[in-house]
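Residue numbers (our numbering): 16 to 409.
For reference, the structure discussed in these notes is given below.
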């Protein structure tokens with residue numbers, strides 16, 4: 016099967032339909048991210064947080080690092096990267112086109128910039144494409160840094176919670192299989208307590224390394240120096256562009272509020288189900304009957320039921336308007352949107368990995384490899400860890 020996987024002889028979808036709790040938890044995370052994307056809640060959160068960070072490139076990168084990592088804590092890291100990359104690219108395009116403007120003062124009216132539904136930042140008039148070859152070496156480095164920071168932050172944020180990336184879920188599932196009926200000590204809250212502090216260190220390290228690679232140490236040191244007049248003009252433009260894009264979204268819609276409430280209730284249920292520090296609500300059910308995927312799938316069910324506009328309830332209308340038939344509202348998440356945008360390949364590959372893992376274990380191949388490794392490496396922990404890290408890298 017591994018040879019078929021590497022050679023892509025046939026699709027592995029036929030091996031992937033395994034009713035595992037881990038798969039359902041991952042489906043839940045992806046469905047929630049789809050609902051967030053449908054109502055553009057991620058865009059509102061990102062732009063609002065960007066209005067608080069400085070307009071200097073260094074602070075802008077730090078802002079994107081924090082925002083993307085925060086969003087990636089709660090949804091799939093893959094989905095987070097897909098949501099945040101268009102916003103980062105649109106902002107970069109607006110900034111660099113402004114820098115290449117032939118106008119002496121590079122003046123722009125902030126109302127010329129609009130953040131469209133697809134995440135692209137456009138001008139109201141005809142759009143000018145970004146010619147990267149015309150950018151200076153420093154500006155090209157800034158573009159590379161910001162896009163890489165979005166990718167890095169999605170992965171780094173995914174380490175902070177148990178459900179935001181596949182390996183975390185697989186790790187918990189593997190422990191539960193090897194130690195059935197025993198308390199592994201892993202819960203949503205305990206994982207966060209263990210993983211969030213190093214996650215913050217990873218964020219800072221990535222922010223530093225990416226800038227050192229493409230911009231050099233001098234660029235980082237300049238964060239503490241006052242900006243020149245030219246830099247102040249560019250920073251004012253960035254601030255106005257972000258602020259205008261945020262205000263173009265208008266007031267928070269009913270769909271955004273509903274999605275946010277469902278999302279917060281879902282996260283709260285995951286945290287309080289079995290927090291270890293006190294007895295959670297899972298104690299009211301037989302052990303093993305209720306898992307995190309249960310509350311997650313309940314949230315997904317609510318997304319398909321709850322309307323994206325205020326419900327049209329007859330007895331809540333004025334008396335003069337109660338006789339007309341009720342208008343059916345579209346749900347927060349529709350099956351058409353799921354069929355169109357859900358990354359089925361991610362779930363299928365995850366299931367294929369489970370299928371191969373089970374076949375390796377049942378055939379005894381895993382025990383054979385472990386015994387040979389112990390013999391060859393003489394049971395030394397460091398070489399064994401190095402071999403595992405190399406295999407994970409591949």
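Just so you know, even glycine gets a beta-carbon here, dropped at the ideal spot from N, CA and C.
* To do: Kindly give me the distance between the Cβ atoms of residue 42 and residue 362, rounded to whole angstroms, as I take these residues to be in contact under 8 Å.
  => 6 Å
* To do: Return yes when the Cβ of residue 357 is within less than 9 Å of the Cβ of residue 410, no when it is not.
  => Nothing about residue 410 can be read from this structure; the chain reaches only from 16 to 409.
* **Under the three-state DSSP convention, the category residue 322 falls into** => strand
* **residue 282 and residue 76 closer than 9 Å at C-beta** => no
* Give me the Cβ distance between residue 371 and residue 317, rounded to the nearest whole Å; I'm assuming they're in contact under 8 Å. => The pair is not a contact, with the Cβ atoms about 35 Å apart (cut-off 8 Å).
* Rounded to a whole number of angstroms, what is the C-alpha to C-alpha distance between residue 6 and residue 344? -> In this structure the chain extends from 16 to 409, so residue 6 is not present and cannot be described.
* Can at least three beta-carbon pairs, one atom from the region 170-184 and one from the region 210-222, be found at a separation below 8 Å? -> yes
* **Distance between residue 82 and residue 252 (C-alpha atoms, nearest Å)** => 21 Å
* Could you check the C-alpha separation between residue 404 and residue 183 for me, to the nearest Å? => 16 Å
* Taking the Cβ atom as the reference point for each residue, do residue 157 and residue 80 lie within a distance shorter than 9 Å? -> no
* Three-state secondary structure assigned by DSSP to residue 346 -> strand
* Asked: Touching or not, the region 88-95 and the region 178-196, by the rule of three or more beta carbon pairs under 8 Å?
  -> yes
* Asked: Going along the chain, which residues of its own chain have a beta-carbon closer than 6 Å to the beta-carbon of residue 206, five neighbours each way excluded?
  -> 177
* Inter-stretch contact (C-beta, 8 Å, three-pair minimum) for the region 105-113 and the region 183-201 -> no
* If you compare alpha carbons, which of 189, 346 and 342 is closest to residue 51? -> 346
* To do: Could you pull out every unbroken alpha helix (DSSP H) segment of at least 4 residues lying fully inside the region 347-382, listed in chain order?
  => 350-356 and 359-378
* Other residues of its chain near residue 97: CB distance less than 6 Å, five sequence neighbours each side excluded -> none
* Other residues of its chain near residue 296: CB distance less than 8 Å, five sequence neighbours each side excluded -> 284, 287 and 288
* State the DSSP-derived secondary structure class of residue 282, mapped to helix, strand or coil. => helix
* DSSP three-state assignment for residue 262, whether helix, strand or coil -> helix
* Hey, how far is the Cα of residue 56 from the Cα of residue 379? -> 48 Å
* Asked: Do the CB positions of residue 229 and residue 160 come within less than 9 Å of each other?
  -> yes
* Asked: What does a CB cutoff of less than 8 Å around residue 290 pick up in its chain, not counting 5 residues either side in sequence?
  -> 202, 203, 204 and 205
* Asked: Apart from the five residues on each side of it in sequence, which residues of its chain come closer than 7 Å, Cβ to Cβ, to residue 241?
  -> none
* Leaving out the 5 sequence neighbours to the left and right, which residues in its chain are closer than 8 Å to residue 74 when beta-carbon positions are compared? -> 68 and 238
* Do you know how far the Cα of residue 300 is from the Cα of residue 162? -> 46 Å
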